[in-house]
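Residue numbering for the sequence shown follows the numbering used here, starting at 848 and increasing by one per position. Cβ atoms here follow ideal geometry from the backbone N, Cα and C, with glycine treated the same way. Reviewing the structure listed below.
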Amino acid sequence: MKALTDLFSTDYGLMSITGIVMMVVGIVAFAVVVRRKMNEAPGPDSRK
848 MKALTDLFST DYGLMSITGI VMMVVGIVAF AVVVRRKMNE APGPDSRK
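Structure follows, in structure tokens:
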């Protein structure tokens with residue numbers, strides 16, 4: 848319980864939560880972009 852109190856009430860705990868949230872958002876955004884690119888139809892210059 849002390850760990851949760853430290854996580855949500857101290858400055859370094861809040862910065863840790865912020866960092867974790869930013870990483871998760873970045874991973875999700877990357878996955879969305881890659882998934883959209885994979886589902887696109889190939890363009891005219893895709894064959895070499």
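In the structure shown, alanine 878 falls within a helical segment according to DSSP collapsed to helix, strand and coil. Here DSSP, grouped into helix, strand and coil, assigns glycine 890 to coil. When secondary structure is reduced to three states using DSSP, methionine 848 falls in the coil class, being assigned neither helix nor strand. Within the same chain, no residue comes within 6 Å of phenylalanine 855 by CB-CB distance, once the 5 residues on both sides are set aside. Within its own chain, no residue has a Cβ closer than 8 Å to the Cβ of valine 872 once the five positions on either side in sequence are excluded.
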